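Engineer:
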Amino acid sequence: MEKLIIDNQPPINTYFRKDLMFLRKNFHSYEEVLTFFHTALLEKGLVDNTFLEAIFEREKVAPTSFGNLVAVPHPIVPKTNQTFIAVCTLDKPIQWKDKPVQLVCMLCVKKNSKENLQDMYGLLVRLIDNSSMVQNLLKTKSYEQFIQVLKEHSC
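For the sequence shown, our numbering gives the first residue as 550, with consecutive numbering after it.
#1: By DSSP, does H702 sit in helix, in strand, or in coil?
#2: Quick check: the Cα distance between F565 and F615, rounded to an integer number of angstroms?
#3: Quick check on the DSSP output: what are the complete beta strand (DSSP E) runs of length 3 or more inside the region 620 to 696, in order along the chain?
#4: Quick one: what's got a C-beta closer than 8 Å to H587's C-beta in the same chain, skipping five residues either side?
#5: In this structure, how does DSSP classify R566 when only helix, strand and coil are distinguished?
#6: Can you tell me whether Y579 is buried or exposed, with buried defined as 16 or more other CB within 10 angstroms of its CB?
#7: From I555 to M669, what distance separates their C-alpha atoms?
#8: To which residues does DSSP link F571 through a beta bridge?
#9: For N575 versus L639, is the C-beta distance shorter than 8 Å?
#10: Using the DSSP secondary-structure output, state which residues sit across from S614 in a beta bridge.
#11: Rounding to the nearest angstrom, what Cα-Cα distance links N665 and G671 in this structure?
#12: Please report the distance separating the alpha-carbon of V698 from that of T629.
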């Protein structure tokens, strides 16, 4: 019975897409990172022109840098037709309001989503709390390595 419950959980890479993983980038500000994400997601037809403004609006309410070099920016209201996390790791930390950040997980939740996202939120919380996982993720050079580190730390 226990195996059935474990098998029922979505695989860890459900929300991470290879084409939305940007590793070892060199940006100097959180504005640059957010603009980069907006451009990349716009080019893929995943967001519209209102996305960036909604992200900055959310940052004004409260910064999405959570410590442990992690930020999880997201629009103030859902703006996408699917749920996914786009990732950007940075060669060097940048200042994100009051905290240094080197791992950015752009969280996009589907408009009017009825999905059970507890596993995804749980993973993000573990990421924010686990400095060794973050350090290992920052060293990855490919989507496959990134997913492998997530899997190793999720057991």
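Each residue gets a CB set at the ideal place from its N, CA and C atoms; glycine is no exception. All values derive from a computational prediction rather than experimental measurement.
Structural biologist: From the atom records:
#1: helix
#2: 20 Å
#3: 633 to 645, 648 to 657
#4: V596, F600, L601, I604
#5: strand
#6: buried
#7: Bear in mind that a pLDDT of 42 at I555, under 50, signals an unreliable position, so the model cannot answer this.
#8: C637
#9: yes
#10: A620
#11: 11 Å
#12: 27 Å
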